[in-house]
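Here is the structure we will look at.
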Amino acid sequence: MMRRKHLPKLLPLAISDTNTNIKTRMTRRFPRWYRTPRTQTLVLGLVFFQVFTAYTTIQFYASSNYGPELASRIVSTLYVTFTVGCFVAPTWTNQWGAQTAVTFGILGYACLVGTSLVYFQFPQHPWVVIGGGAVLGLGASLLWTGQGRLLLSYAQNDASLLGLFWSAFQCSAVTGGLLSFLYYGRETNANNAGLYLIFLGFILIGALASHFLLIPSRELYRSPKQESVHPMEETTSLVVSQSDYWNDEESPEDVSQHSWWYETRETLRLFSSPTMLWLGPLFFYTGFNQPYQQATFGNRMVSKRTIGLELVVFHSMEILGGFVGGKLLKSRTTALYCWALFGIMIILGNALALLLEVQSSGDISAVDVADGWAVVLPSLAFASWGLADAQINLYIMWLLGHWYSDAERSRAIGFYKCLQSLGYSLGFWCMPTSRMSALHQWILSSSLFVIGSVMSLQKLPKRNALE
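Numbered per UniProt numbering, the sequence shown spans residues 1 to 467.
Structure representation (structure tokens):
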């Protein structure tokens, strides 16, 4: 039987067609090993490593560098625009392509660093850095939606790839924490501008590296000529050539053939989806818990220098958690183990935090790494929270990969990040203890943990659905 040439469909925008041709030609120049889902997952993780080495550290030191009130306004503004952006980011991602969305999203992070440098020179104009936070929020919605679609397409429900990305991504925070510890440890009143210039370089390198991400096929396709190839190569090669497709099968281009209105309408429909209504409280919790853990608790319980080491502890456990979650998320039973590990670690971390909150009784003296054993309890709390955060984020991505496919994943990720961002925004608004006491923040976060984690069990796939 002769192979029939299949003419590509017309894309909605001429620029999309041009970008497609360029990307296809570039893709053909890469060796086969580079075009595997595992390699592309690692490249995606390295891109995030570059960007979040800078951003995670900035967020961790927000109260110290900007002051509690301005930090709260910046981060709240950031997550408000992130939340709003998540309504339209799936449409943009599907219309422009996931790789383009990732690149533009990274530039939003560079905007915050640039405006921060301006603010350090002209502190009488705080609106400049608040505006930078607003732009970052819009960029973050694009970055995370594009990342989610790429990652789930690469992984095809292989949780080990989800864990690989998560671990590579979390290495950024460990590096940023060590960098900050050394920088602030060398000089008590270190100049923030020098550190932020380093951060800007990291982010711009990440934006450049994002151009080396390849577009995954809509499905992993095996052509007849590949049947004699080693099984590992059959299941990992990314289809990148139109000649590999038969008859009416679609090309691997990730740009939507639908209108902008159709994409927007389908995204909004998720807000009434039963699946999302069951998972929504857990999505919200994954954002709301971070401001208390890293800002309210961290900035009050440990010194500015020691926060850098606590960041290393937290994200080292995130790295470990990425590998653990990648091994666990294989079936319904092992997914329950992942869910249980998350619960145990959150309970342990919250119990330690409550103990320290009660002991402080309003008279808080931040401990330093030089104080010896006094820093152990806060460190254990951060370690527990770090391991828990990895489990629940991988658990959520695994669920979304099961319930949604292809272009729907952009919308599902957008909904997830929308509620997560809303949680962050509310959490950072509550962060100053003048608005809500630390104990009340702890109570609200713990309550959301119980509600969200229990409700999520309703959407755990049945055993036969995973076979």
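Every residue gets a Cβ at the ideal spot worked out from N, C-alpha and C, and that includes glycine.
Rounded to the nearest angstrom, what separates L311 and S172 at their Cα positions? Taking the sequence shown and counting its residues from 1, one reaches residue 311 at position 311. Taking the sequence shown and counting its residues from 1, one reaches residue 172 at position 172. About 10 Å.
Assuming contact is defined by CB atoms lying nearer than 9 Å, are I392 and F342 in contact in what I supplied? Within the sequence shown, residue 392 is the residue found at index 392, counting from 1. Within the sequence shown, residue 342 is the residue found at index 342, counting from 1. Cβ distance < 9 Å, so I392 and F342 count as in contact.
Mind reading off the beta-carbon distance from S421 to T83? Whole number of angstroms is fine, and I expect it under 8 Å. Stepping through the sequence shown from its first residue, residue 421 is reached at position 421. Stepping through the sequence shown from its first residue, residue 83 is reached at position 83. For a cut-off of 8 Å, the C-beta gap from S421 to T83 is around 4 Å, short enough to register as a contact.
Tell me, please, whether the segment 84 to 99 touches the segment 143 to 157 by the rule of three or more beta-carbon pairs shorter than 8 Å. yes
Let me confirm a value: Q458 is counted as buried when at least 16 other C-beta atoms fall within 10 Å, else exposed. Which label applies? Walking along the sequence shown from the start, residue 458 turns up at place 458. Per the 10 Å Cβ criterion, exposed.
Cα-Cα separation between A101 and E263, rounded to whole angstroms: Locating residue 101 in the sequence shown gives position 101, where the first residue counts as 1. Locating residue 263 in the sequence shown gives position 263, where the first residue counts as 1. A101 and E263: Cα-Cα distance of roughly 15 Å.
Limits of the unbroken alpha helix (DSSP H) element including Y285: To locate residue 285, count along the sequence shown from 1; it is residue 285. From DSSP, the alpha helix (DSSP H) with Y285 extends over P274 to Q290.
C-alpha gap between V129 and L336, whole angstroms: Within the sequence shown, residue 129 is the residue found at index 129, counting from 1. Within the sequence shown, residue 336 is the residue found at index 336, counting from 1. Distance between the alpha carbons of V129 and L336 is about 43 Å.
On the DSSP bridge assignment, give the partners of V302 in chain order. The residue you call residue 302 lines up with position 302 of the sequence shown. Answer by DSSP bridge pairing, in chain order: V367.
How should P291 be labelled, buried or exposed, when 16 other C-beta atoms within 10 angstroms of its C-beta is the threshold for buried? As a position in the sequence shown, residue 291 is number 291, starting the count at 1. Looking at its Cβ environment, which holds 16 or more other Cβ atoms inside 10 Å, P291 is buried.
At least 3 beta-carbon pairs within less than 8 Å: the segment 348 to 359 vs the segment 373 to 392: yes
Tell me which residue opens and which closes the alpha helix (DSSP H) that M455 is part of. Along the sequence shown, one-based indexing puts residue 455 at 455. Looking at the DSSP string, the run of the alpha helix (DSSP H) that includes M455 is A438 to S456.
At what residues does the alpha helix (DSSP H) containing Y34 begin and finish? If you number the sequence shown from 1, residue 34 lands on position 34. No alpha helix (DSSP H) holds Y34; DSSP gives it neither H nor E.
G452 versus N289: straight-line alpha-carbon distance, rounded: Locating residue 452 in the sequence shown gives position 452, counting from the first residue. Locating residue 289 in the sequence shown gives position 289, counting from the first residue. G452 and N289: Cα-Cα distance of roughly 12 Å.
Please state the DSSP three-state secondary structure of P126. As a position in the sequence shown, residue 126 is number 126, starting the count at 1. Correct three-state label for P126: coil.
Ignore the nearest five residues each way along the sequence and tell me which others in G132's own chain have a CB closer than 6 Å to its CB. As a first step, residue 132 must be located in the sequence shown, where it is residue number 132. Cβ within range, chain order: C111, L112 and T115.
Between the segment 318 to 337 and the segment 160 to 174, are three or more C-beta pairs nearer than 8 Å? Taking a cut-off of 8 Å on C-beta distances, the segment 318 to 337 touches the segment 160 to 174, as three or more cross pairs fall below it.
So, helix, strand or coil for P215, using DSSP? Numbered from 1 along the sequence shown, position 215 holds the residue referred to as residue 215. What sits at residue 215 in the sequence shown is Ile, not Pro. The answer is coil: DSSP assigns I215 none of H, G, I, E or B.
Cβ neighbours of S237 in the same chain (closer than 7 Å, five flanking residues each side left out): The residue you call residue 237 lines up with position 237 of the sequence shown. Only weak support is given to the placement of S237: the predicted model assigns it a pLDDT of 34, under 50, and the question is left unresolved by the model.
Using the beta-carbon count (16 or more within 10 Å), is E357 buried or exposed? Here the question's residue 357 lines up with position 357 in the sequence shown. Result: buried.
Rounded to the nearest angstrom, what separates A54 and E266 at their Cα positions? Within the sequence shown, numbered from 1, the residue matching residue 54 stands at position 54. Within the sequence shown, numbered from 1, the residue matching residue 266 stands at position 266. Rounded to whole angstroms, A54 and E266 show a C-alpha spacing of 34 Å.
For G137 and Y79, I'd like the C-alpha separation in whole angstroms. The residue labelled residue 137 in the question sits at position 137 within the sequence shown. The residue labelled residue 79 in the question sits at position 79 within the sequence shown. Cα to Cα, G137 sits roughly 6 Å from Y79.
If you follow the alpha helix (DSSP H) that V118 is in, where does it begin and where does it stop? As a working note, residue 118 is residue 118 in the sequence shown. Here the alpha helix (DSSP H) through V118 covers A98 to Q121.
Secondary structure of T433, DSSP reduced to three states: Counting from 1 along the sequence shown, the entry for residue 433 is found at position 433. Correct three-state label for T433: coil.
Going by DSSP in three states, K330 sits in which element: helix, strand or coil? Here residue 330 corresponds to residue number 330 of the sequence shown, with the count starting at 1. Correct three-state label for K330: coil.
Going by C-alpha distance, which of G423, L213, Q294 and A168 is nearest Y285? Position 285 of the sequence shown, counted from the first residue, corresponds to residue 285. Nearest of G423, L213, Q294 and A168 to Y285, Cα basis: G423.
Within 10 angstroms of its Cβ, does T306 collect 16 or more other Cβ (buried), or is it exposed? The sequence position of residue 306 within the sequence shown is 306, counting from 1. Sixteen is the threshold: when 16 or more other Cβ atoms of the shown chains lie within 10 Å of the Cβ of T306, as they do, the residue is buried.
Secondary structure of Y245, DSSP reduced to three states: Taking the sequence shown and counting its residues from 1, the one referred to as residue 245 is at position 245. Interpretation of Y245 is limited by its pLDDT of 32, a score under 50 that renders its predicted location unreliable; the figure taken from the coordinates is listed afterwards. If DSSP states are grouped into helix, strand and coil, Y245 belongs with coil.
Does the beta-carbon of K462 have 16 or more other beta-carbons within 10 angstroms, so that it is buried, or is it exposed? In the sequence shown, residue 462 corresponds to position 462, counting from 1. With fewer than 16 other Cβ atoms within 10 Å, it is exposed.
Below 7 Å CB to CB, which residues in the same chain sit around V43 once its five sequence neighbours on both sides are set aside? The residue you call residue 43 lines up with position 43 of the sequence shown. Here the set comprises F212 and L213.
For P224, does the count of other Cβ atoms within 10 angstroms reach 16, so buried, or fall short, so exposed? The residue labelled residue 224 in the question sits at position 224 within the sequence shown. At P224, the pLDDT of 35 sits below 50, so the modelled position is not reliable and the matter cannot be decided from this model.
Mapping DSSP to helix, strand and coil, what is R265? If you number the sequence shown from 1, residue 265 lands on position 265. DSSP places R265 in helix when its eight states are reduced to three.
Quick check: the Cα distance between L419 and L277, rounded to an integer number of angstroms? In the sequence shown, residue 419 corresponds to position 419, counting from 1. In the sequence shown, residue 277 corresponds to position 277, counting from 1. In a straight line, the C-alpha of L419 is about 11 Å away from that of L277.
Beta-carbon gap between L282 and A159 smaller than 9 Å: As a first step, residue 282 must be located in the sequence shown, where it is residue number 282. As a first step, residue 159 must be located in the sequence shown, where it is residue number 159. The answer is no: Cβ separation not under 9 Å.
Backbone secondary structure at R29 - three-state DSSP: As a working mapping, residue 29 is identified with position 29 in the sequence shown. Correct three-state label for R29: coil.
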